[in-house]
Each structure stands twice: as structure tokens, then as C-alpha cells.
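Residue numbers (our numbering): -9 to 392.
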């Protein structure tokens, strides 16, 4: 079998996606997700201009060799654009191999380690009452784990809270929007939010919360300690992780579990966090972390230190990545949980898939390969629309982490 063509499909069925289709001389093709929210065309250009010409004629079964060729051979390593491009190729090759061998990808990764993949979804509200109501609705839908976000009193816009009752989608067309932030008001508010949610929803529901990189290490330590009575499943991205050593200070002060890594694009971004056991869950996603090949190595390393996976799964990743994450999560031993932010009906129509949700768990399905496809004719009706993630400023106008 030889690779004969690499095709890029850029579309916007409610939001932008970049999909790589690798075709072979035996009529089998594989799909990979190359979406980098807000920088989609940079990855598309990297693939079409630099990667595609180098892969024609290669054997798609040589997944490890091709991964090393694209990573080491480029000399300029890492970065979200490069690693997203490598991931798209890598996932498409796993899809091809599964289809050729007539087996689901999870069997290529060692087979099932569990019967289903525990997932969490997002509950949010403009205030505490709306947030509690949203949590209860997700429980009624069958979720066993829920991430809770709420508007902060005195702050006009809060992370994770949608506008006008619409599903939350942070990327917006036009220039980047600006949101406001107050660390002081947030820290004073969040413990009361979770006290109310626990009282209303009971002790057994898994509760998660995303800080979204907005605190200093000592502020994050204070938050983690104040949330201990409500035994969160995790506190996500409490502080920016460029300085991995910063997490040591948080860990010294609180036993609230810590998850981080959705913006990571290399195992080395998490190396010290894992080996020093400063985190409990690795959030790095398959599409931005270099693909299944790279994340399998990272997960195996994390497992040595009892760190589990909790991959990013927002709508800025296409159903191709969701399928890959579910195959991965079903197979590896140290899986923890998978984020599930459901796509719109239109996105699901463009990307028909075999994966399903039932009673708090998802399953990738048993179709050969990833079990996901793309309707190219329908995708062509929704061309790319430039969109950006927001930026954040403190109340005095200082630019801060969004």
C-alpha cells in the first residue's frame, strides 16, 4: 500500500475545522483533524506546502517512521502548528491501518481496558442559580461528571458562560473580543458556588472546575484549599504552565486534584509536572500533542507516576479527534476521564460517526479504523470563516491570561 494523495478540507459547519484526508492506492483513506482554533489556515498551509509533498509514495503502515520523519526531519521542532500538522497525519494513518486490518483503532492500541469511557460535560450559568439548574439538567441527561462555571458577581463577563442562552463557543468572528477579569472577586466567589452545588446535587456527582490559567501559584493554592470540603474531581489549569515548577507551590498547599495541559503540544511541556507528581491529570489533546503515537508515549510515562489522562474535548476539536480520543481512552490503562462538549447537529451531519453516549460513558464503536467520516459535499457548503478566541483584561485594563 502506498500514499497517493493528501487532501485538505477546510470548512465551517457552525465553527471552523481543518480535516486531512490521506488516500492510498488501494482505495482506503484515513482522516486526521488539523484544527488549531484561531490559527486554522496556518496548519493547513504547513500541511499542504511542507508535509504533503514528502509523503506521496510512502507506506502508510509505517506510522512510527513517518512520525519521526515529520518531527525530527523538520529540524524546527514542536509548536502548536507543527504538532497539529503531525497529529493530523498520524491519526489518519492509524485510521488507514485499522480499516486495512478491519479492526477498530483501540484494538491496535492493545484492546479494551474498560467497557466505556467516562466523560464530563459543561454546566454553566450567569449566576449560581442558573449554574445549579444547568448541573441538574446534565445529571438528568445521564452525566456522572460535570464541569461547573458561573458568572462572577461584579464582573461583566466570565469564562465558560455563554451569551444570550446559546451553547458556549468562545471563538467569535471578527476581531478578538475582550473580556474582563477580577482575581479577587473570583476567589471570594467560587467556594460559595461549589457549596451550593454540592448541597443541591449531592456528594456522589463528580464536580470539575476550570480556572483557565488565571491565577498565580499562591492564589491557586488558596483556591484549591478552599475547595477541599467539596472534593472536586479536579481543578483545571490553575496557573499558566510555562513554568512547570510553579505547580510545586500549589501541590504543597492543597490536596485538590490538579489537571493541566490542554495548551501543551509536546511531552516535554509536561515532563517535570508528571515526574514530580505535581499534577493528577494530563489534559494534552491528541490533535495538538502530535497524534496518537505521541500521546501513547506520554500516557505510558504518566502511568509510571500514577498520573491519569483527562484529554481536552471542546468543540474546537472535530469529531475526528473525539473518535481518536475515545479509542485511546478505551485502550490505555491509566485513563481518567474525557471531556465531552457535544458538537452541533450540523457538525455531526458533516462528520458522521460511530461513537455514542449512554449513562455517563461514551464508546467509540466497533467499526474498522476510527469510525468517523466526512461528507465532503456538505462540508463544501460551509466555507471557512475567520474567527478568534477572546483576550482578557483585568478591571484596570491590564492584559492577562484568557
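Yeah, the Cβ is synthetic: ideal placement off N, Cα and C, and Gly gets one too.
Bear in mind the structure is a predicted one, so any value in this text is a computation, not a measurement.
Counting along the chain, where does the alpha helix (DSSP H) carrying residue i start and finish?
i: residue 186; result: 173 to 191
i: residue 341; result: Looking at the DSSP string, residue 341 is not in any alpha helix (DSSP H), and its letter there is neither H nor E.
i: residue 74; result: 70 to 90
i: residue -5; result: That residue, residue -5, is in no alpha helix (DSSP H); its beta strand (DSSP E) goes -7 to 1.
i: residue 57; result: 53 to 62
i: residue 30; result: 30 to 36
i: residue 241; result: 236 to 243
i: residue 382; result: No alpha helix (DSSP H) contains residue 382, which is instead part of the beta strand (DSSP E) from 381 to 384.
i: residue 218; result: Segment: none, residue 218 is in no alpha helix (DSSP H) and carries neither H nor E.
i: residue 95; result: 95 to 98
i: residue 45; result: 42 to 45
On the DSSP letters alone, give me the boundaries of the beta strand (DSSP E) that residue i sits inside.
i: residue 108; result: 107 to 115
i: residue 201; result: It is not in any beta strand (DSSP E) - residue 201 carries neither H nor E in the DSSP assignment.
i: residue 12; result: 7 to 14
i: residue 21; result: 19 to 23
i: residue 250; result: 248 to 250
i: residue 265; result: Per DSSP, residue 265 belongs to no beta strand (DSSP E); it is in the alpha helix (DSSP H), 261 to 265.
i: residue 226; result: 224 to 226
Would you mind stating whether residue i and residue j have Cβ atoms separated by less than 8 Å?
i: residue 160; j: residue 380; result: yes
i: residue 283; j: residue 252; result: no
i: residue 125; j: residue 187; result: yes
i: residue 78; j: residue 28; result: no
i: residue 258; j: residue 237; result: no
i: residue 89; j: residue 350; result: no
i: residue 249; j: residue 300; result: yes
i: residue 37; j: residue 91; result: no
i: residue 318; j: residue 99; result: yes
i: residue 20; j: residue 86; result: yes
i: residue 353; j: residue 316; result: yes
i: residue 340; j: residue 3; result: yes
i: residue 195; j: residue 222; result: no
i: residue 255; j: residue 69; result: yes
i: residue 112; j: residue 150; result: yes
i: residue 71; j: residue 26; result: yes
i: residue 199; j: residue 138; result: yes
i: residue 12; j: residue 31; result: no
i: residue 46; j: residue 14; result: no
i: residue 244; j: residue 215; result: yes
i: residue 9; j: residue 310; result: yes
i: residue 378; j: residue 165; result: yes
i: residue 143; j: residue 179; result: yes
i: residue 329; j: residue 176; result: no
Which of the three DSSP states, helix, strand or coil, is assigned to residue i?
i: residue 119; result: helix
i: residue 138; result: strand
i: residue 272; result: strand
i: residue 143; result: coil
i: residue 156; result: coil
i: residue 449; result: The chain is shown from -9 up to 392; residue 449 falls before or after that span and cannot be answered.
i: residue 256; result: coil
i: residue 165; result: coil
i: residue 283; result: helix
i: residue 196; result: strand
i: residue 277; result: coil
i: residue 370; result: coil
i: residue 231; result: coil
i: residue 151; result: coil
i: residue 294; result: helix
i: residue 304; result: coil
For residue i and residue j, which I take to be in contact (beta-carbon distance under 8 Å), what is that distance rounded to the nearest angstrom?
i: residue 227; j: residue 201; result: 6 Å
i: residue 313; j: residue 343; result: 6 Å
i: residue 327; j: residue 289; result: In fact, because the Cβ distance is near 13 Å, the residues do not count as touching under 8 Å.
i: residue 184; j: residue 217; result: 6 Å
i: residue 118; j: residue 140; result: 6 Å
i: residue 207; j: residue 239; result: 4 Å
i: residue 73; j: residue 280; result: 5 Å
i: residue 76; j: residue 65; result: Actually they do not touch by this definition, with Cβ atoms about 14 Å apart.
i: residue 385; j: residue 170; result: 6 Å
For the ligand GDP, is there any heavy atom lying closer than 7 Å to the beta carbon of residue i?
i: residue 332; result: For the structure depicted, the ligand GDP is absent and the ligand set is empty, with no information on it obtainable.
>> Threshold first: 3 residues or longer. Then list the beta strand (DSSP E) segments lying entirely within the segment 308 to 358, N to C.
In response: Entirely contained in the segment 308 to 358, the beta strand (DSSP E) runs reaching 3 residues are, in chain order, 346 to 348, 351 to 353.
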